[in-house]
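Comments concern the structure below.
Numbering (my numbering), first residue to last: 1 to 375.
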C-alpha cells in the first residue's frame, strides 16, 4: 500500500519531519502530493533496503492518509462499504481492505482499517486517494456517523526489520502484540499507537503519532537505534522491499481499471458479506474468470523490468509490467505484470520483457520473491 514516486515540483506538502530529513542529506521526491525522502546520503536504496532485511530501518510515512469514522454502528457502516470483512476481527486488530467502485469493482484505494470499537474505526488510505475515500464514505454515511479527515493531525513512522522489537522495547514501548494488532502506548509523555503492521515483509511496527510530537519520537528512535545499526530509510527502499514481497502499489498493480479479482487480491474480499461496494461486479468477474491476472516475473539475465514494459510470449504481446525493479536481496530483476488469462501461462514458463527495445528473458513466478518473516 504506497503511492507513486515522481519528480519533485513546487507546492508539495511537507512532513513534520522534513527538516530532520534535510539534515540527514535526504534526496526528496514527489509522493502522492507530498515531498518525501527517497533516499539518504551515505546510504542509498541498497543499503537502506539491506538494513531492513538484516537489522532495522525507520521510515517516515506521514504522507499516508488518516480518516476516523465514529458514531453508533460505525464498524457496521464501514463493513458495508469496504471489501474485507471486519466481522473477522475484533477491537484492537487491523485489517487490509479495499475501497472499490460500486459499479465497476475497480480499486479506488487499498487501506488498513484499525478497529477500535463498534463505534470507532480508524483508516489509513494512501496519500493521493484520501480525499476521494473520505468523500465516498461521507456520501454514504447515515445520520449519526461522522467521517473525519485527520490527515494533517498525525505522523506515521514505520520501524521495520528483525531488530525492530529490540528498538521499541528499549524505549519501553509494547512489542508482544500479534501481527495486524495495535496497542496504545506512551513515550516520554507522547500518547501514540503501536501497530504491528508494515509493508516490507519483515517483523515491524508502525507508530501513529501526533504531528506536533513527531520530531521528538523520531529523535528518540534514531538515538536508541544507533547500537542496533538502525538506518533512516526513504521511500525508494520501501518500494523495493514491497516489490520483493509482491505487495501491490495502488495506481500500478491496483487501480480503478484493475479489480481485486485481476490483482489476485480476492483474499481481501469478504465474499460472503451481503453488501460492499463493487460486490455485484466482482462476483460476476469471479464467476466468469478475469481476462487478465497479476503474475510475478523473475529475470534470467541482466534485464531490469519497469512499469509499463510489454511482456511477450513468442510473437504475441501478452501483457504489461505493472511494477518492476532490481531485487537487492536476490540480485536479479523482478516484476509484477498483468498477463492475459488466455495466454495460459504457468509458473516457470518463459516470457520476454521489452527492456528499452531489447527482449529480456524472464520466468513466470509466484510472489513473494523473498520469504517474508512477518508472523
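All C-beta atoms in this analysis are idealised placements derived from N, C-alpha and C, irrespective of residue type, glycine included.
*Taking all protein chains shown into account, decide if residue 267 is buried (16 or more other Cβ within 10 angstroms of its Cβ) or exposed.*
Under the 10 Å beta carbon count, residue 267 is surrounded by fewer than 16 other beta carbons and is classified as exposed.
*Please check the pair residue 360 and residue 299, which I expect to be a contact at CB under 8 Å, by giving their CB distance rounded to whole angstroms.*
Indeed, because the Cβ distance is near 6 Å, the residues count as touching under 8 Å.
*Reference residue 147; option with closest CA among 139, 153 and 303*: For residue 147, the closest alpha carbon among the candidates 139, 153 and 303 is that of 139.
_For residue 273, the three-state DSSP class (helix, strand or coil)_ = Residue 273 sits in coil when the DSSP states are folded into three classes, being neither helix nor strand.
_I'd like the ranges of any alpha helix (DSSP H) spanning at least 4 consecutive residues and lying wholly in the region 150-208._
Entirely contained in the region 150-208, the alpha helix (DSSP H) runs reaching 4 residues are, in chain order, 164-170.
*Residue interval of the alpha helix (DSSP H) (run including residue 46)*: Element bounds for residue 46: 44-54.
*Would DSSP call residue 381 helix, strand or coil?*
There is no way to answer for residue 381, as the model of the chain reaches only from 1 to 375.
*DSSP on residue 342, reduced to helix/strand/coil?*
Of the three classes helix, strand and coil, the one that applies to residue 342 here is helix, per DSSP.
_My output table needs one value for residue 286: the three-state DSSP class, helix, strand or coil._
The answer is helix: DSSP assigns residue 286 an H, G or I state.
*What span of residues does the alpha helix (DSSP H) with residue 214 cover, start to end?*
Per DSSP, the unbroken alpha helix (DSSP H) holding residue 214 starts and ends at 214-225.
*Thinking C-beta only, is residue 263 closer than 8 Å to residue 180?*
The criterion of a C-beta distance shorter than 8 Å is not satisfied by residue 180 and residue 263.
_Unbroken alpha helix (DSSP H) run spanning residue 18, endpoints_ = Start and end: 18-23.
*Kindly indicate which three-state DSSP category residue 362 falls into: helix, strand or coil?*
Looking at residue 362 - three-state DSSP - the assignment turns out to be strand.
_Assigned exposure category for residue 358 - 16 Cβ within 10 Å defines buried_ = By the 10 Å Cβ count, residue 358 comes out exposed.
*Taking the alpha-carbon positions, what's the residue 211 to residue 329 distance?*
Between residue 211 and residue 329, the C-alpha separation is close to 34 Å.
*asked:* Using the three-state DSSP reduction, which class does residue 245 fall into: helix, strand or coil?
replied: In this structure, DSSP gives residue 245 a helical state, which the three-state scheme calls helix.
*Label residue 316 either buried or exposed according to how many other C-beta atoms from any shown protein chain fall within 10 Å of its C-beta, with 16 as the threshold for buried.*
Counting Cβ neighbours within 10 Å, residue 316 comes out exposed, since fewer than 16 surround it.
*What whole-angstrom Cβ distance do residue 67 and residue 157 have, given they're in contact under 8 Å?*
The beta-carbon distance between residue 67 and residue 157, rounded to whole angstroms, is 19 Å. This is too long to meet the 8 Å contact definition.
*Beta-carbon proximity of residue 207 to residue 106, cut-off 8 Å*: For the pair residue 207 and residue 106, the CB atoms are not nearer than the 8 Å cut-off.
*When DSSP builds the beta bridges, which residues end up paired with residue 111?*
Beta-bridge partners of residue 111 (DSSP): 97.
*Taking 8 Å as the threshold, find out whether the region 267-287 comes into contact with the region 348-357 through three or more Cβ pairs.*
Counting C-beta pairs closer than 8 Å gives fewer than three between the region 267-287 and the region 348-357, which falls short of the contact rule.
*asked:* Considering Cα atoms alone, identify which of 253, 276 and 273 is closest to residue 265.
replied: Ranking 253, 276 and 273 by Cα distance to residue 265 puts 253 first.
*According to DSSP, what are the bridge partners of residue 58?*
According to DSSP, which records beta bridges pairwise, residue 58 is partnered with 159 and 232.
*Measure how close the beta-carbons of residue 245 and residue 367 come, nearest whole angstrom, since I'm counting them as under 8 Å.*
Contact holds; Cβ gap of about 7 Å.
*Taking Cβ to Cβ, would you say residue 318 is nearer than 8 Å to residue 353?*
If you check the CB distance, residue 318 and residue 353 do not come in under 8 Å.
*What is the rounded straight-line gap between the Cα of residue 151 and the Cα of residue 132?*
Distance between the alpha carbons of residue 151 and residue 132: 13 Å.
*Exposed unless 16 or more other CB atoms sit within 10 angstroms - verdict on residue 379*: Since the first and last residues shown for the chain are 1 and 375, residue 379 lies out of range.
*asked:* For residue 83, report the span of its alpha helix (DSSP H) as first-last.
replied: Under the DSSP assignment, residue 83 falls outside any alpha helix (DSSP H); it carries neither an H nor an E label.
*Give me the Cα-Cα distance between residue 130 and residue 65, rounded to the nearest whole angstrom.*
Taking the straight line from one Cα to the other gives about 5 Å.
*For residue 322 versus residue 339, is the C-beta spacing smaller than 8 Å?*
Going by C-beta atoms, residue 322 is not nearer than 8 Å to residue 339.
*What is the C-beta distance between residue 81 and residue 260, in whole angstroms, given that I count them as a contact (C-beta under 8 Å)?*
About 15 Å separates the beta carbons of residue 81 and residue 260, which is beyond the 8 Å limit, so they are not a contact pair.
*asked:* Tell me whether the region 191-209 and the region 29-41 touch, counting them as touching only if at least three CB pairs, one residue from each stretch, are closer than 8 Å.
replied: No, the region 191-209 is not in contact with the region 29-41.
*asked:* Mapping the DSSP letters down to three states, classify residue 373 as helix, strand or coil.
replied: Residue state, collapsed to three classes: coil.
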